[in-house]
Structure formats: structure tokens, C-alpha cells
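Using UniProt numbering, the letters of the sequence shown map in sequence onto residues 1 to 156. Single-structure report; data block below.
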Amino acid sequence: MHLLSGEYECKLDPKGRLVLPSKVKGNLPEESGNQLVLVRGFEPCLVLYPQSAWRVIHEKVMALDEFNEEYRQFQRNFFRGMTEVELDSIGRFMLPRTMLRYAGIEKEAIIVGLGNRCEVWDPARYDEFLIKDQQSFSKLAQKFLSVETPLSGLAA
């Protein structure tokens, strides 16, 4: 299992390309090759999926009943702006201008590995969405990790 992790500060080049950090690139599943999928995040960020992880998400969203208006609305918004990107020989990929505007990314970005995906943030916006109060963070950890969750089976 490949795990995308870490937090990396990056700069966009004048053409709107980012270099995927080598540690992230090295953890991409081989079956995804240099092909990634870029979508809008639920927060004002971009989400980058390896092809193999994207297929799982894509199948779930496409399995929704197209005759249900709420499902169609979700599908329309979820797939809005979705684009396939390819890493070049040095690991760069192009961020479309519409996606950069959505995320408020101009010259710098933070890439955050989250297991099966990476988020790409404007640094100031990323900071706004982080939990500042350690007590609140501790309570969330207790809430999500003290009950039967996918992670609870890891403790041995």
C-alpha cells in the first residue's frame, strides 16, 4: 500500500506548473504511472489523486442514481473542473488557471499528503483551515480514534 504523506512548500513556475515533491512522487502507485487526477476540494483547495485511488472514488460517484436530482447535482459539482494531469520528466504538472483561481493559489502552494491523495493549498488559506487550539485537536483525536474506526484495528 502506498501512503502519500508530508507537508511540502512549493513554488509555481511562470507557466503555472508545480513540481511534485520527490517523496510524494516516489510513493505514487506504479499502476498510476505519471497520470494523476486533479479536482476541486470541498474546502478552497485542490485535490490530487493517483489514477488508482481516483478510480475508486469515481466508481462510487458514478454509481449514484442519475434519475435523482440531488445525486445529479452532486455529480455535476463533484466532477466540475476535473482534469487529468501528467507529470513531466522532472515531476512537474500543470495547474489550470480556473483551478488556481478556485484555490486562490498564485505563486506559492503547500502540498499535503493525506494517504490516498494530496491537497494543494494556498499557504494562507491552508493556515486558516488548520486547528489552532490543541485542546480542540485533542478532543477530535479522542472522538475519532477512541471509537471503532478503520484505525482502531491498528493497535496491537
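Note that CB positions come from ideal geometry on N, CA and C, so glycine has one too.
Counting the other CB atoms within 10 Å of its CB gives M62 a total below 16, which places it among the exposed residues.
Residue pairing from DSSP places Y8 in a beta bridge opposite I111. Apart from sequence neighbours up to five positions away, the residues of its chain that approach K25 with a beta-carbon distance below 8 Å are L87 and G91, ordered along the chain. For F67, there is no enclosing beta strand (DSSP E), as DSSP marks it with neither H nor E. Put simply, the backbone Cα of T83 is about 34 Å away from that of L145. Between the alpha carbons of V85 and L64 lies a distance of about 25 Å. Rounded to whole angstroms, the gap between the alpha carbons of E31 and A53 is 10 Å.
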